[in-house]
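What follows is a short report on a single structure.
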Amino acid sequence: MALNNTYDARLLQQETAVGAGVQLLLLTVLGTALGMGPAGWLTGLAFALATWAVLSRALHRTRPRSFGPANRVTLGRATLVGGVTALVADSFQSPPPVTVLVALTAVALILDAVDGKVARRTGSSSALGARFDMEVDAFLILVLSVYVATTVGPWALLIGGMRYAFVAAARFLPWLNNALPPSTGRKTVAALQGVLLLLAGSGILPYAPTFGVVALALGLLTWSFGRDIAWLWRTRGSAEREVAAVEVELLHRETAGVGAP
């Protein structure tokens, strides 16, 4: 059994190592073809290292039997997001290659609809895969909001920062960690964020429509987060009671077991 576990661990490490290698290859291609500067290189390398380290740690914690096809798709998306991140960082020093940036982002957004389907069809859905997918999405939105903020103003950073602010607030307000019911509206708004920010960053629209598109993205996201937070606030008492009931039940079982043969 120990040999099998070690073998599986090595396979998982190979998967993450291949992902990091592909990320470095993409950065090399972008750097060579586009003349990417130090900011782009350093940011891209930092992204590759952080992705490899965080994913390796998550795999070590969860110990899945295999990496899975859906996670491979998500890892491919993460590689594209790393390229977008490098180009956005480089855009602060020189005009960005908008066509390449849009192409990488568009493919990453399209693949976002693929990994979930692959997971369901192959029966490889997992909490790790869902979290990996969500984090890649969130970081792409953050990077795109940084990019469009250079055009419409720093207020656009609220789009990318809202999810991270929510996670930070949940550390101090535990009721924000309660499970939310499924919502088509939430999924639709999340999907629209990337599309709207990509449209705004493509440069095909004049300033006023670009401003309006980013404002629409922020408005929809604010509505979605606001609705979820309101629901969590209203149901926080019932969630706490459920937790307390479970704790009482466990205590009763432990008490009933005291002194039993």
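Per the numbering used here, the very first residue in the sequence shown carries number 261; after that it's consecutive.
Note that the Cβ used here is the ideal one computed from N, Cα and C, for glycine as well.
Quick one: using the 10 Å Cβ neighbour count with 16 as the cut-off for buried, is residue 298 buried or exposed?
-> exposed
Specify the secondary structure class of residue 382 as computed by DSSP and reduced to three states.
-> helix
Should the region 452-463 be called in touch with the region 359-366, which here means at least 3 C-beta pairs below 8 Å?
-> yes
Looking at C-alpha atoms only, which residue of 377, 287 and 279 is the closest neighbour of residue 316?
-> 279
Buried or exposed (CB count within 10 angstroms, at least 16 for buried), residue 407 | buried
Tell me, to the nearest whole angstrom, how far the beta carbon of residue 489 is from that of residue 453; I am working on the premise that it is less than 8 Å.
-> The pair is not a contact, with the Cβ atoms about 17 Å apart (cut-off 8 Å).
Determine the burial state of residue 269: buried for a count of at least 16 other Cβ atoms within 10 Å of its Cβ, exposed for fewer.
-> exposed
For residue 324, I'd like the list of residues in its chain whose CB is within less than 8 Å of its CB, leaving aside the five on either flank, ordered along the chain.
-> 272, 386 and 388
In the DSSP assignment, find the unbroken alpha helix (DSSP H) run with residue 422 in it and report its ends.
-> 417-430
Write down the C-beta distance between residue 286 and residue 343 rounded to the nearest angstrom, noting that I regard them as a contact closer than 8 Å.
-> 5 Å
Confirm, please, whether the CB-CB distance from residue 334 to residue 282 is below 8 Å.
-> no
Can residue 355 and residue 294 be called in contact, C-beta distance under 8 Å?
-> no
Taking the alpha helix (DSSP H) that residue 401 falls in, what are its first and last residues?
-> 387-412
Kindly list the residues whose CB is nearer than 8 Å to the CB of residue 375, restricted to its own chain and excluding five residues on each side of it in sequence; keep chain order.
-> 330, 331, 333, 334, 337, 389 and 393
Only counting runs of 4 or more residues, tell me where the alpha helix (DSSP H) segments fall wholly within the region 463-497, in order along the chain.
-> 467-494
Outcome for residue 300 when other beta-carbon atoms lying within 10 angstroms are tallied against a minimum of 16 = buried
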